[in-house]
Every structure is written in C-alpha cells, then in structure tokens.
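Structure first, commentary second.
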Amino acid sequence: MPFQKFLFRPGINKEGTDYSNEGGWFDSNLVRFRKNLPEKIGGWTKNTSNTFQSTCRALHAWVDLESTKYLGLGTTWKYYIKEGDVFTDVTPIRATTTNGITFAATDGSSTITATDSSHGAVVNDFVTISGAVSLGGLVIATVLNQEYQITGVPSSNTYTFTAKDTSGDTVTANASDTGNGGSGVDGAYQINVGLDVYVQSTGWGSGLWGESTWGSANALSASNQLRLWSHDNFGEDLISNVRAGGIYYWDESSGLTNRAVALADLAGANLCPTKALTVLVSDIDRHVIAFGADPLNTGGTARTGAVDPMFICWSDQENATEWEPKATNTAGSFRLSAGSLIVGATRARQETLIWTDTSLYSMTFVGQPFTFSVNLVNEGVGLIGPNAHINTPKGVFWMDKKGFYSYNGAVADIPCTVQDYVFSDINEGQTYQTFGFLNKEFDEVGWFYCSGDSTVIDRYVTYNYDEQVWAIGQLTRSAWIDEGIFNDPIAAYTTSDVGYLYNQESGNDADDSPMDNVYIESSDFDIGEGEEYQFISEIIPDIKFTGSNTDQTINVVLKKRNYPGESLTTSSTTTCTSSTTRIQTRMRARQAVFRVESDDDGTTGVRTGVGFRIGATRMALQPNGKR
Numbered sequence: 001m002p003f004q005k006f007l008f009r010p011g012i013n014k015e016g017t018d019y020s021n022e023g024g025w026f027d028s029n030l031v032r033f034r035k036n037l038p039e040k041i042g043g044w045t046k047n048t049s050n051t052f053q054s055t056c057r058a059l060h061a062w063v064d065l066e067s068t069k070y071l072g073l074g075t076t077w078k079y080y081i082k083e084g085d086v087f088t089d090v091t092p093i094r095a096t097t098t099n100g101i102t103f104a105a106t107d108g109s110s111t112i113t114a115t116d117s118s119h120g121a122v123v124n125d126f127v128t129i130s131g132a133v134s135l136g137g138l139v140i141a142t143v144l145n146q147e148y149q150i151t152g153v154p155s156s157n158t159y160t161f162t163a164k165d166t167s168g169d170t171v172t173a174n175a176s177d178t179g180n181g182g183s184g185v186d187g188a189y190q191i192n193v194g195l196d197v198y199v200q201s202t203g204w205g206s207g208l209w210g211e212s213t214w215g216s217a218n219a220l221s222a223s224n225q226l227r228l229w230s231h232d233n234f235g236e237d238l239i240s241n242v243r244a245g246g247i248y249y250w251d252e253s254s255g256l257t258n259r260a261v262a263l264a265d266l267a268g269a270n271l272c273p274t275k276a277l278t279v280l281v282s283d284i285d286r287h288v289i290a291f292g293a294d295p296l297n298t299g300g301t302a303r304t305g306a307v308d309p310m311f312i313c314w315s316d317q318e319n320a321t322e323w324e325p326k327a328t329n330t331a332g333s334f335r336l337s338a339g340s341l342i343v344g345a346t347r348a349r350q351e352t353l354i355w356t357d358t359s360l361y362s363m364t365f366v367g368q369p370f371t372f373s374v375n376l377v378n379e380g381v382g383l384i385g386p387n388a389h390i391n392t393p394k395g396v397f398w399m400d401k402k403g404f405y406s407y408n409g410a411v412a413d414i415p416c417t418v419q420d421y422v423f424s425d426i427n428e429g430q431t432y433q434t435f436g437f438l439n440k441e442f443d444e445v446g447w448f449y450c451s452g453d454s455t456v457i458d459r460y461v462t463y464n465y466d467e468q469v470w471a472i473g474q475l476t477r478s479a480w481i482d483e484g485i486f487n488d489p490i491a492a493y494t495t496s497d498v499g500y501l502y503n504q505e506s507g508n509d510a511d512d513s514p515m516d517n518v519y520i521e522s523s524d525f526d527i528g529e530g531e532e533y534q535f536i537s538e539i540i541p542d543i544k545f546t547g548s549n550t551d552q553t554i555n556v557v558l559k560k561r562n563y564p565g566e567s568l569t570t571s572s573t574t575t576c577t578s579s580t581t582r583i584q585t586r587m588r589a590r591q592a593v594f595r596v597e598s599d600d601d602g603t604t605g606v607r608t609g610v611g612f613r614i615g616a617t618r619m620a621l622q623p624n625g626k627r
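Following our numbering, the numbering of the sequence shown begins with 1 at its first residue and continues without gaps.
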C-alpha cells in the first residue's frame, strides 16, 4: 500500500470549515509553531513558594543603581514590590484615624464591630489597628493590634472584621470581652480595593456588597470597577496609578519598609493630578504623563478631583512633582477629540501611542514651547482593554474589539486565521480583563481573555510575528512580563484570592505535574475530491521527543467521518514513544483527521518531563470503494 506524506500547513486556521482547510491544522491547545512545525509549549514552575493576595493584573520590573532587581505587582487589593523571594506590601494609605476607633464583641462570635466616624471603607479594604487594649477576655491587645481585612460595612460609621491571633487562627470572644479597646486606638486605612470583574453599569450590581444603600445607583470609581494598575519608573523610583484613582510614588531610597504615597502629598508638589486612567514616563525626555486625569479648575488653582476621560497632562521635565504650566517649565496639557474615553497608552519607538475607544494617537516630544505634538494616526480602530497592547522589537501590536493590529510608523491590519473563533466566543462584558503579552524567545505576541460566560481569564491566542501564524489554547493567567531583567517570562495566577508567580517556558510540566490536555488536530483530509472512501492501514509518525523523561509517551489519534456535517468519531488511539516506528491501523472513511495529544491516563511516571515536536507524518492510504 503506498505511503502519503502529510506535512500540514503551519498555524491554526478556524476561519472556514474543517473540510475547507484541508492540508492544515484546525485546533490546538498548549502548542506553538516554530520553524513551521508544531511543538508543545514550555512548562511553568513557581517563581517562589511565597504568595500574594488577590488577582495580579500588572507586573513591572526594574533595577536600581546598586543592581537590585525589583518586581512591582498591582493586585485587586494591594500593591507589592518583590525583591528576591519576598513580597512587600507598599499599598498607599488612604486615611488615618487617631484615638478615634472603638470596638464591640459578642460572646461566642469572632466578629468584631469597629466604630469610626466616616471611615470611608468598603468590603475587603485593609486597616492596620494600633494602640488598642484588651476587651477583657480572649480578644486581647495583640489580637486587635494587627492588619485586618474588613468583612462588612453596616454603615458609614461602622465596619466588621474577624478576630484572629498572630498566627492567623480565628479568635472567638467570650463573656468577658465587654470593653471597647480603650481611648487611644489608631487606624491606618489602605486605599480602597477594587473588583475582580468589570462592571459596565452604575446601577444594581455595581460596587461591593454593602458599599451603598439598598437599591441605589452607584457611579463608577476606582473602588467599584475592575482593578487595573499602570506603573513605570522615574529613575530608581516607581510611579503607580489605580485606574480612575490616585497616582502614587514609591521612593526607592526610603526602602521597602516605606509605603507608596500620593504624588500630590510629596514635598514641593504643585498641582499634581489626583486621579487618572493610566500613567507612564515618557522616553528620553522623562515627563510623567497622566492620561484621563483631573484637570485644573477654572482659576487654575487646584485640581477638580474628577476624571476627564480625554484629558492628558504632563509634569515638568525631570520633575515629577511640578505640574503647573509655566513659561519657565515644560509642564502642559492637551485634550483629545476623537473618541469619548482614553483606554490605554504605551511607549513606542521615540513616541507614545494613545488609544481612545475609537482612535489611535501618536504623541512625540518636540520641546518648548509646545513640549509635545499629538497627532491622530487612525480613526475607527480602538483598544479592547487598557492592557491589550504589546510593544515588541517588531513594533506595537494590539487587539481591538473585532480584530488585531500592528503599528510601526503606520497602522496595519493583521490577517488572522482564528479571528472569528476568538471574537465569536469572547466575553464582551469582560474585555477589560484582556491583556497582551510578549514571548520574544519564540517571536510571539499573544492575548489572554475571558471566553463565553467566564468572568475569569481562561483562553489565549498567540501570533508568531516572524512566521505570521496563529495558535490558540486554554490557560488561566492574569498578568505577564517577558524575560529581560529576569531570566524567564513571569506570569501571575490566582486561586481563592491566593496568588502565585510562575516562571514560564521552564521545563515541560505544569508546576511539577504533567501538563494535561495538550493536543493539535488537523483539518479533514481525503482522497482526491472525496468521492471515494479511503483505507488507512498504517502510520509512520515523525515525532521528536524532548525533555528529561526517557519513558515519554504521547497518543496518536485517527478520527473519521463520511460527510462534513457528521460528528467525528475516534477510529484509533495509539500510544507512541521515541522507539515507535510504525502504528498499525484499520480505518475506512471518506474523511480523516490526524491528532497528536498528551497521554492523560494518570500514569505520572511517563507523563512528566515530556516535550514533543511534530514533523512530516506518513500514512499508508489507498482508495477503498464508493460505498
């Protein structure tokens, strides 16, 4: 029986039907294309055993003058700076109360009610209590004088938390806990937390439970929408911003024991914006730029405190605290016109790109008297989410609401062979969770997004910009930073509000466990025009195994159907190893599908340390009649 060689076209193509894409690959998971051949992606291992709280949606790495490496993490609840293996909480303080908090406990309950007039807290906020004395029973001073996460907000003057000892175990009050904590209780409230999901309305369902009065509308703010951070370096120091909230400054020289503070509270600060949608530091000229900032009032004497979604302002050059436009400095402002909201911004090659909901602008430094020139580059192309852009060695790539684009001096539409697959299944209510990532070792850009009805990121799509091929898969990550300062790409993952960092492209496994559900599947193929049935009796696989395991196994699968409208049925599944030379099959059908998948049978010994690459497969194939 004659053998036929099958070297399927690189890239996943789901724009047509399985049958119309004959000779190509139709579906995949956890597989990339490199040098036109499909291979299993690299695995991941924990960057550190230490954890952080809640979902991380922003990562930023930098090095100080002493070569200390830092990694900034903006999460739903907090902001951390990681040095070595330690996550240090540098979340800014929103407000402090001095000698103004009292407590009440109930016998048999671990819930403590705190009274603090106009505390401004929302559910899940954090407060650090100090100066309290024992309530008289089991709720002693060391129990009270800690950082607590607020569990309920019964009123604007009260909130509740669950008592714990210094080891984190719950403490239940007894009948002797009748005190109020004394008259010298202080509280330091961290900035309000945000949400893990995007909220599109201001009515029922927006905000946190117990945040407002029953049935009332609630205007969107930094505390009741999806928590997103932007951050950038100003020299060794760090500037960060909560979307629709404050702008903060962390002074590296003060050390990790000090928190970030509001930019407007720094010594010498003059008319600094108090709110913004995103911030960055411009390249070379070093201006701090706030996008969607609060403008100056009519008299120019103060900031309004309200986000202007199309307003841009910038500091004096090399001076993060001077924002008053003067003839003697380069501070200034500009309001965009095309669109209704600034969605995102990024540094590109000697320019800053700014996306509104409908347009793309280019902002370039020109010097005095105008400082910056702002030009409309394209109308009709926006950005699907604030972090859905990636700056790469080959230009800037981004994801719009219905397509993918690149910019390298001009906007270009990227032909996409999985476009309908992505956009027909994306959760349009959670597009602000979408974020772009770069994996330059493999010349890849990609986007993680929420599919279907999912409110958690569960899928990705990648584009190899050198080979111009696409791949798809399922994986949950919430933030990513490419290799550079650190040796591997680093990505964030959170489950049950406990967050981990993973070194990506590390080994072949999923954090020391087998990587499940790895597969790639071809489109349908047939003989001639599909008039006759085909009989496949033998397969000669061309699979290169990589990795540390000498007992590696994967499965080679043949599927079949007689008509394009029929469901596929599995004809054979054969275990394949590095020593497998021939696979005997007996399959008769008009159309066949070739699939390679991970061996998920539970035998860990042959499943860990497995990598593979697929070449040109040969099949013994002949006509077998018309009926």
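For every residue, glycine included, the Cβ atom is placed at its ideal position computed from N, Cα and C.
The residue from Asp-357, Pro-489, Val-90 and His-287 with its alpha-carbon nearest to that of Asn-329 is His-287. In the DSSP assignment, Val-31 is bridged to Lys-40. By the neighbour-count definition (other C-beta atoms within 10 Å, threshold 16), Ser-223 is a buried residue. Assigned with DSSP and collapsed to three states, Gly-547 falls in coil, not helix or strand. Bridge partners of Gln-591 according to DSSP: Arg-561. It is roughly 37 angstroms from the alpha-carbon of Gly-120 to the alpha-carbon of Ser-359. With fewer than 16 other beta carbons inside 10 angstroms of its own, Leu-65 counts as exposed.
Taking the Cα of Ile-312 as reference, the smallest distance to any Cα among Tyr-361, Arg-349, Gln-622 and Thr-569 is reached at Tyr-361. Ala-58 places its beta carbon 8 angstroms or farther from that of Ala-592. Secondary-structure assignment with DSSP links Lys-46 through a beta bridge to Tyr-502. Taking the CA atoms as reference points, Thr-455 sits about 21 angstroms from Gly-403. Every beta strand (DSSP E) of 3 residues or more that sits fully in the region 402-447 is shown, in chain order, as 404-407, 411-413 and 435-439.
With 16 or more other CB atoms across the displayed protein chains lying within 10 angstroms of its CB, Glu-521 is buried. His-389 is bridged by DSSP to Trp-398. Annotated three-state conformation of Thr-346 is strand, per DSSP. Rounded to the nearest whole angstrom, the CA to CA distance from Gln-190 to Thr-91 is 6 angstroms. The residue among Ser-54, Thr-151, Val-122 and Asp-509 with its C-alpha nearest the C-alpha of Lys-46 is Asp-509.
The beta-carbon distance between Met-619 and Phe-3, rounded to whole angstroms, is 7 angstroms. This is short enough to meet the 8 angstroms contact definition. Distance between Ile-457 and His-231, taken at the CA atoms: about 22 angstroms.
For the set Lys-326, Gly-152 and Lys-544, the Cα lying nearest the Cα of Gln-368 is the one of Lys-326. Here Ser-130 carries a strand assignment [DSSP, helix/strand/coil].
Spatial neighbours of Glu-483 in its own chain (CB-CB distance under 7 angstroms, excluding positions within 5 residues in sequence) are listed in chain order as Glu-441 and Pro-489. One thing to note: Thr-585 has its Cβ no nearer than 8 angstroms to the Cβ of Ile-614. Assignment of Ala-105 by DSSP, reduced to helix, strand and coil, places it in the strand class. Apart from sequence neighbours up to five positions away, no residue of its chain approaches Asn-258 with a beta-carbon distance below 6 angstroms.
In terms of Cα proximity to Asn-391, the closest of Leu-438, Ser-373 and Thr-356 is Leu-438. Minimum Cα-Cα distance from Thr-51 among the listed residues Val-63, Phe-26 and Tyr-80 corresponds to Tyr-80. Where Val-143 is concerned, the enclosing alpha helix (DSSP H) starts and stops at 141-144. For Gly-152, the closest C-alpha among the options Asn-145, Leu-144 and Thr-162 is that of Thr-162. Excluding the 5 residues flanking it on each side, Thr-142 has same chain C-beta neighbours closer than 7 angstroms at Thr-166, in chain order.
For Ser-254, the three-state secondary structure derived from DSSP is helix. It is roughly 6 angstroms from the alpha-carbon of Asp-186 to the alpha-carbon of Ile-101.
In the DSSP assignment, Thr-113 falls within the beta strand (DSSP E) that extends over 111-115. Partner residues in the beta bridge of Leu-195, as assigned by DSSP, are Leu-226. Of the residues Asn-427, Gly-181 and Ala-276, the one whose Cα lies closest to the Cα of Val-199 is Asn-427.
In this structure, Pro-273 places its C-beta atom within 8 angstroms of the C-beta atom of Ile-247.
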